[in-house]
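For the record, in the sequence shown the residue sitting at position 15 is 15 according to full-length UniProt numbering, with numbers rising by one throughout.
From the three backbone atoms N, C-alpha and C, an ideal C-beta is built for every residue, glycine too.
I have placed the structure first, in the form of structure tokens, so that the comments after it can refer back to it.
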Amino acid sequence: MMNIVLGVTGSIAAYKAADITSSLTKRGHNIDVILTENGSKIITPITLQTLSKNKVYMDMFEEITPKEVKHISLAEKADIVLIAPATANIIGKIAGGIADDFLSTVVMAAAPHTPVYIAPAMNTNMYENPIVQDNIDRLKRFGYHFIEPKESMLACGVLGKGALADVDDIVRIIEGSIK
């Protein structure tokens, strides 16, 4: 059993986080979900909480306990961090060392001690933007792992690369990453 922190961002593919959570939970893994504010506009915390059987974290300052700093304790507990779907925004934040929300602070506290897997999902033009590609290359140099998006008909009606990888592929990669 792995302790997996799943970050869910504001891509339209956020609804697929339910399938990722369900699949990994059914395989016996513990999933702690961090849902960004924008992600919560697409999928509700209650859905992910029900499927993970754990509290869904959104607000870094919601629960302040003197004996635990939650973004640090989640990072230390995690065997792996998975961001699926990952927007250009979160990729840029991480590449720039910005830690201004719950997810980005957990990632900063986890890496490089804990493997971080990022599964981008965005419009083709956004994905192919040289700034986004530079951020991806930068993160790869720092040891972050990427689960490549697939080519598909995107939500915006464009056929191109940028769709979230298949849930089964994401689960297989994550399960195969811990030896």
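Flag Ala-18 as yes if its beta-carbon sits less than 7 Å from any beta-carbon of chain B, otherwise no. Here chain B cannot be found, since the structure has a single protein chain.
Taking Cβ positions, are Gly-157 and Thr-124 nearer each other than 7 Å? Translated into the one-based positions of the sequence shown, residue 157 becomes position 157. Translated into the one-based positions of the sequence shown, residue 124 becomes position 124. Contact: no.
Backbone secondary structure at Glu-76 - three-state DSSP: Position 76 of the sequence shown, counted from the start, is the residue given in the question as residue 76. Helix, per DSSP.
Output the distance between the C-alpha atoms of Lys-70 and Met-60, rounded to the nearest integer angstrom. To locate residue 70, count along the sequence shown from 1; it is residue 70. To locate residue 60, count along the sequence shown from 1; it is residue 60. C-alpha separation (whole angstroms): 8 Å.
Selected residue, minimal CA-CA separation from Tyr-57, among Ser-23, Leu-103, Ala-88 and Asn-89: As a first step, residue 57 must be located in the sequence shown, where it is residue number 57. When each option's Cα is compared against that of Tyr-57, the closest is Leu-103.
Excluding the 5 residues flanking Ser-40 on each side, which residues of the same chain have their C-beta closer than 8 Å to its C-beta? As a working mapping, residue 40 is identified with position 40 in the sequence shown. For Ser-40, where only same-chain residues beyond five positions count, the Cβ hits under 8 Å are Met-58.
Starting from Pro-120, trace the beta strand (DSSP E) in both directions and tell me its first and last residue. Counting from one through the sequence shown, the residue named residue 120 turns up at place 120. Annotation for Pro-120: the continuous beta strand (DSSP E) segment containing it runs 116-120.
Compare the beta carbon distance of Asn-135 and Ile-91 with 7 Å and say whether it is the shorter of the two. On the sequence shown, position 135 is the one that residue 135 refers to. On the sequence shown, position 91 is the one that residue 91 refers to. Between Asn-135 and Ile-91, the C-beta spacing is below 7 Å.
Who pairs with Lys-41 in a beta bridge, going by DSSP? Start at 1 with the first residue of the sequence shown, and residue 41 comes out as number 41. DSSP output for Lys-41 lists no bridge partner at all.
Tell me the DSSP bridge mates of Glu-151? Within the sequence shown, numbered from 1, the residue matching residue 151 stands at position 151. BP columns for Glu-151 point to Lys-161.
Could you tell me the distance, in whole angstroms, from the CA atom of Arg-172 to the CA atom of Ser-23? The residue labelled residue 172 in the question sits at position 172 within the sequence shown. The residue labelled residue 23 in the question sits at position 23 within the sequence shown. Inter-residue distance for Arg-172 and Ser-23 is about 10 Å (C-alpha atoms, whole angstroms).
Residue range of the beta strand (DSSP E) that includes Ile-31: Locating residue 31 in the sequence shown gives position 31, where the first residue counts as 1. Where Ile-31 is concerned, the enclosing beta strand (DSSP E) stretches over 30-35.
Cβ separation of Pro-85 and Lys-16, assumed to be a contact under 8 Å, to the nearest whole Å: Position 85 of the sequence shown, counted from the first residue, corresponds to residue 85. Position 16 of the sequence shown, counted from the first residue, corresponds to residue 16. Confirmed, about 7 Å.
With which residues is Tyr-144 paired in a DSSP beta bridge? As a working mapping, residue 144 is identified with position 144 in the sequence shown. In the DSSP output, where bridge partners are listed per residue, Tyr-144 has none listed.
Classification of Asp-100 by the beta-carbon crowding that lies within 10 angstroms, buried from 16 upward: Start at 1 with the first residue of the sequence shown, and residue 100 comes out as number 100. Exposed: under 16 other Cβ atoms inside 10 Å.
How many Å lie between residue 182 and Ser-152 at the Cα? Residue 182 is absent from the model: the chain starts at 1 and stops at 179.
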